Each structure stands twice: as C-alpha cells, then as structure tokens.
Amino acid sequence: MTAKIPRPSRMWNGCRVAAMALTLGVAAQTASAQDQLPLDQRFVLGVGTHQGLGGPVSTRGYVPAVNVEQIRQLGLTAFRDDFPWSDFEQPGKRMGFTPQLGRLERQIKSGVGRPFLILAFGHHLVPNSMPPTTDEARQRFAAYAAAAAQSVAQQQPVFELWNEWNGAAKKDPAGFSVANYLALAKVTRPAVKSVAPNAQFVVGAIADDPGFAWTQQLLQSGVLQYADGISIHLYNFCMAPSRRTAGEIIERLQAFRQLVTQASGKPDFPIYVTEAGWTTASAKCGVSEQVQADNLAQLILWASTASSWLKGISIYELKDSGKNPAGLEDNFGLYHFDNSPKPAACAVRGAWAFVRSSVTAEAKKLSSDVVAIKASSADGDKVAVWTQDQNRHYEVRLKGDVPNATFETPCEASAEPASGGWMPVSSTPLLITAVGGALPDLELRPAR
18 MTAKIPRPSR MWNGCRVAAM ALTLGVAAQT ASAQDQLPLD QRFVLGVGTH QGLGGPVSTR
78 GYVPAVNVEQ IRQLGLTAFR DDFPWSDFEQ PGKRMGFTPQ LGRLERQIKS GVGRPFLILA
138 FGHHLVPNSM PPTTDEARQR FAAYAAAAAQ SVAQQQPVFE LWNEWNGAAK KDPAGFSVAN
198 YLALAKVTRP AVKSVAPNAQ FVVGAIADDP GFAWTQQLLQ SGVLQYADGI SIHLYNFCMA
258 PSRRTAGEII ERLQAFRQLV TQASGKPDFP IYVTEAGWTT ASAKCGVSEQ VQADNLAQLI
318 LWASTASSWL KGISIYELKD SGKNPAGLED NFGLYHFDNS PKPAACAVRG AWAFVRSSVT
378 AEAKKLSSDV VAIKASSADG DKVAVWTQDQ NRHYEVRLKG DVPNATFETP CEASAEPASG
438 GWMPVSSTPL LITAVGGALP DLELRPAR
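In this note's numbering, the protein residues as written are 18 to 465.
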C-alpha cells in the first residue's frame, strides 16, 4: 500500500427510498438454493499481511506463528502478501524460497488460508526490470512467475500482477505505461498457467485513480484477455468525514464494475478488491476504532449480495505496521502493533460468521440511509440492518412473531430474543437470525 488521498467519485448515485417499511424479498435466482454453494465457497475473504517483505525479522512486527493464529481466529479464508522477484531468484537463475522469504513460506505452508500473492518488483541482476520494459526482462520475469507458481501450486494460489502500477506511473509514466503492463501480462499469464493451470491470474491492483482515467486506458488495452480477474484498491480515509464510509467504497466499486462490464462484455467478469481499509491514526485522515469496525462489518455484509461478480476482498491490514499513533500507514490493522485486538477484529469475525453460509443475499433500503441485507441459507433467514449516517439512530421490529428469532451485533457474545420488541439500529450492524425459519418484514422508526 502507498499513501492515498482519495477524491470523491460522482459516477454513481445511490437510490433513495422514502418508505419507512419495506418488504425484504429474496432476489430472483436463476438456480434453486440447493444448487448453490455457501458464500465461503464462492467468495474469498482475506487480509493483507507483510511476511514477504523485510527479511527474516519484520520491523512491522509480523510473526508467522502469531499472525496465522489471528487469521484462523478471524475465520478468514485467504491472506494477501508480496512475493518479491529479487528474493526468489538467486544468482545463476536459481529459483526458490530463501531465508529472506522464510516468514512468507511458513505462513503459506501453514494452510491457514488461500495465498493471494503479488508478483512484483524488479531484480537487481536483470537490466530494465523495474518495471520490465524489454522482451528479455519480461521473459526473465515470466520465468520467475512460473517458478513461484510451481512452488505453491498445491495451496490453490491467486496471483496478482504487480502492485499499484498506476501509482508508480505518476513518477515514471514511460516505464510504467499501460503498454508495458499489457506486454508483461501477455507473457506472465501463460507462464503461470503452464505450471499451475488452476491458479487464478489477476491483473490491475489499481491504486487511487480519480475519475478512473488510467483504469479506462488499461481496460481499453485489451488486458482482460490475459486475466482471470481484475483487482482494485479502494480507500476514502482522507475524504470529508461524512464520506469515510463503506457506502462510498461500494459506490465506487459499482462504478468500476460498470467499466469492467463494458470492456469485457461480461456482467460477471471477476473483480477483486485487494486493498480496502481505514486507518485509526490520530491524524486528520484517521477514523475512530469503532468507525473502522463498523465500516468493515458493513462492507463484508454487503459483499454477500455481489458474489456473482465480486469474488473477493482483502482487508488492509491484519495488524498495525508501526507504533506512531499519528502515522497513517502505521494504523490500518485489525490488531494493534502489540497484537491486541481492535474492535475491528471482532467486527470482521462476527460479520463474516453471519453471512458466510448464505446461498442467496439481497440488499434493500428501508429508508434513505438505512440498509438491510437479507441472506438465506440452509439454516434459515438472516437480516443485517444499519444506518449509513453515523449520527442517526433508528429502531426496527419484526412484523410477526418468530419465537426462535434473535438479534445481536458483530462483537456481542450472546444474542437476545428478537420477537415482540423494538431493536436498536445504528452504524454498527444489527444482526437478526431466525434459526431454521423465515423472517417476516421489518418495521422501521426513528429511535425514541
């Protein structure tokens, strides 16, 4: 990740629904529920880690044994990390894990999740390799990518071509051109597929791109012909405080999807958000730890409704990378630098546990700023409700008696009966569950 100062997008306007009560019907499906897989078999929820950079001992405080256990406790299914060319290819074109990559190797081999690995960075022994701009450099990069893919093929990896190429293009537009990225994709994907045919090869890793100007150039180049998916990084922590929300991220993601659909001709072309998060730094672009938790929970719950085209999200990042309370880059973690959890840790765990078994999910608006996600699974119906305005509070109740229905929030240790009473709605998602049954409509009113 690099420092980002996002700008608001005007490419998408969310609909505004005035009604205070709305029926929550399941969206029409082309296949019956029993023919569909649970969300956690269709969608990859991961987290960014920093095992591949920094050598045997991480100055960021990453320790595989600790971090693997954190990922396991969160219930996540993947992790994203760097797989640097310069550390994998040794003199004499010898390829393989080295002590520099020992932490990454241990995390991969732990089996804690599917590795989402960034193939990137130049090599000090290869001319014109940062980025590869000649046929020779590109062929050497492709050879490294193939060897890297072969070394982890059993772990069902996803490979991402470079990291924020367009960000580097601001300083070196000739080297980091769209044409050079396309040329690298053309030689790298076949090399990866030749040794790991089932591995997914993803292009993009697009950094902040106001108006999607660079993104459109990339899409128009035809790069999607050489990809199994495309990825983007979405941040808004330096926008106005009212825009530092999951809702703003979702708006831009939907606008991005429209561009990808136009370029590919496929409304379900696979898209990955490989970085999204909020810094809890005390500086002006930071948010509170509770806002970070609420935003991440909302994003995960909403993602359950978009799994036909959104194939994964990687939260940035697992733990804080530094100790400076005002440092933006130091404070993105779900855990503090000392590995103590922030509220975001239980929020992510609870939101994911709530939707991961769902086979269908649909988003509805109960009012102009209240979102409801209805999900159905083999175990019964679930509804998540929250307000997008952190300063407004509501209440909901079930329009019918469901004796086995309960409600809670992502971080609560126990649930309460949901039938017969009003339940509080805030920016912290309210999670309502009907075990083995169906949920009736919801009635909404301002909090009293």
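A virtual CB, placed ideally from N, CA and C, is assigned to each residue, including glycine. Remember, predicted model here, so these are calculated numbers, not experimental data.
| message | My output table needs one value for Val85: the three-state DSSP class, helix, strand or coil. | response | It is helical.
| query | How is Gln405 classed by DSSP in three states: helix, strand or coil? | reply | coil
| query | What is the rounded straight-line gap between the Cα of Pro174 and the Cα of Ser211? | reply | 14 Å
| query | Helix, strand or coil: which one does DSSP assign to Gly71? | reply | coil
| task | Just confirm the distance between the C-beta atoms of Asp285 and Ser248, as a whole number of angstroms; I'd bet it's less than 8 Å. | result | Taking the Cβ atoms as the reference, Asp285 lies roughly 16 Å from Ser248, outside the contact range of under 8 Å.
| Closest residue to Gln53 among Ser394, Lys399 and Thr404 (Cα-Cα distance) | Ser394
| Sequence-distant residues of its chain with Cβ nearer than 6 Å to Gly264 (five each side left out) | Cβ neighbours of Gly264 beyond the five flanking positions: Gln405.
| request: Could you tell me whether the region 276-293 touches the region 416-425, using the rule of 3 or more Cβ pairs below 8 Å? | output: no
| Asn341 versus Pro358: straight-line alpha-carbon distance, rounded | The straight-line gap from Cα to Cα measures roughly 17 Å.
| said: Using only the alpha-carbon positions, how far apart do Glu177 and Asp99 sit? | reply: 9 Å
| request: Counting only the same chain and skipping the five closest in sequence on each side, list residues whose C-beta sits under 8 Å from that of Glu412. | output: Trp439, Met440, Pro441, Val442, Leu461, Arg462, Pro463, Ala464 and Arg465
| task | Whole angstroms is fine: what's the gap from Gln271's alpha carbon to Val290's? | result | 12 Å
| task | Confirm, please, whether the CB-CB distance from Tyr333 to Gly294 is below 8 Å. | result | yes
| message | Per the DSSP calculation, Arg97 is bridged to which residue(s)? | response | Gly65 and Phe133
| said: Rounding to the nearest angstrom, what Cα-Cα distance links Ile267 and Gly63 in this structure? | reply: Those two C-alpha atoms are separated by around 18 Å.
| field | Beta-ladder partner(s) of Tyr352, from DSSP | value | Lys336 and Pro358
| request: Label Val388 either buried or exposed according to how many other C-beta atoms from any shown protein chain fall within 10 Å of its C-beta, with 16 as the threshold for buried. | output: buried
| query | Is it buried or exposed for Gln107, if we count other Cβ within 10 angstroms and need 16 for buried? | reply | exposed
| query | Going along the chain, which residues of its own chain have a beta-carbon closer than 6 Å to the beta-carbon of Gly220, five neighbours each way excluded? | reply | At residue 220 the sequence reads Val, which differs from the Gly that was named. Excluding residues within five positions, the ones whose Cβ falls inside 6 Å are Leu178, Ala202, Val240, Ala244 and Ile247.
| Opening and closing residue of the alpha helix (DSSP H) in which Pro207 lies | Val195 to Val212
| task | Please find out if some non-hydrogen atom of the ligand MN comes closer than 7 Å to the beta-carbon of Gly109. | result | Among the components modelled here there is no ligand, and therefore nothing to report on the ligand MN.
| query | Would you call His67 buried or exposed, if buried means 16 or more other Cβ atoms sit within 10 Å of its Cβ? | reply | buried
| query | Is the Cβ-Cβ distance between Val209 and Ala200 less than 8 Å? | reply | No. Outside cutoff.
| query | Residue ranges of each beta strand (DSSP E) run of no fewer than 3 residues wholly in the region 211-277, ordered along the chain? | reply | 217-223 and 246-251
| said: Pull the bridge partners of Pro463 from the DSSP assignment, please. | reply: Tyr411
| request: Determine the extent of the beta strand (DSSP E) in which Tyr289 is found, giving its start and end residues. | output: Ile288 to Ala293
| query | Cβ atoms of Leu415 and Ala435: under 8 Å apart, would you say? | reply | In this structure, Ala435 sits near Leu415, with a CB-CB distance shorter than 8 Å.
| From what residue to what residue does the alpha helix (DSSP H) around Val308 run? | Judged by DSSP secondary structure, Val308 falls within the alpha helix (DSSP H) whose first and last residues are Glu306 to Ala320.
| query | Just how far apart, CA to CA, sit Pro55 and Ser146? | reply | In a straight line, the C-alpha of Pro55 is about 42 Å away from that of Ser146.
| request: State buried or exposed for Arg261, treating a residue as buried only when at least 16 other CB atoms are found within 10 Å of its CB. | output: buried
| query | Hey, Val169 and Ile223: beta-carbon distance below 8 Å or not? | reply | Not closer than 8 Å, so no.
| field | Whole-number beta carbon distance between Ala368 and Leu335, since they are thought to touch under 8 Å | value | The C-beta distance from Leu335 to Ala368 rounds to 16 Å, too long to meet the 8 Å contact threshold.
| field | For Ala163, the nearest candidate out of Asp337, Gly113 and Pro446 (CA to CA) | value | Gly113
| Would a C-beta distance cut-off of 8 Å place Gln167 and Ala213 closer than the cut-off? | yes
| field | Distance between Phe371 and Ile390 (C-alpha atoms, nearest Å) | value | 11 Å
| Supposed contact pair His140 and Trp102 - C-beta distance, whole angstroms, cut 8 Å | That belief holds up - the Cβ atoms of Trp102 and His140 are roughly 5 Å apart, short of 8 Å.
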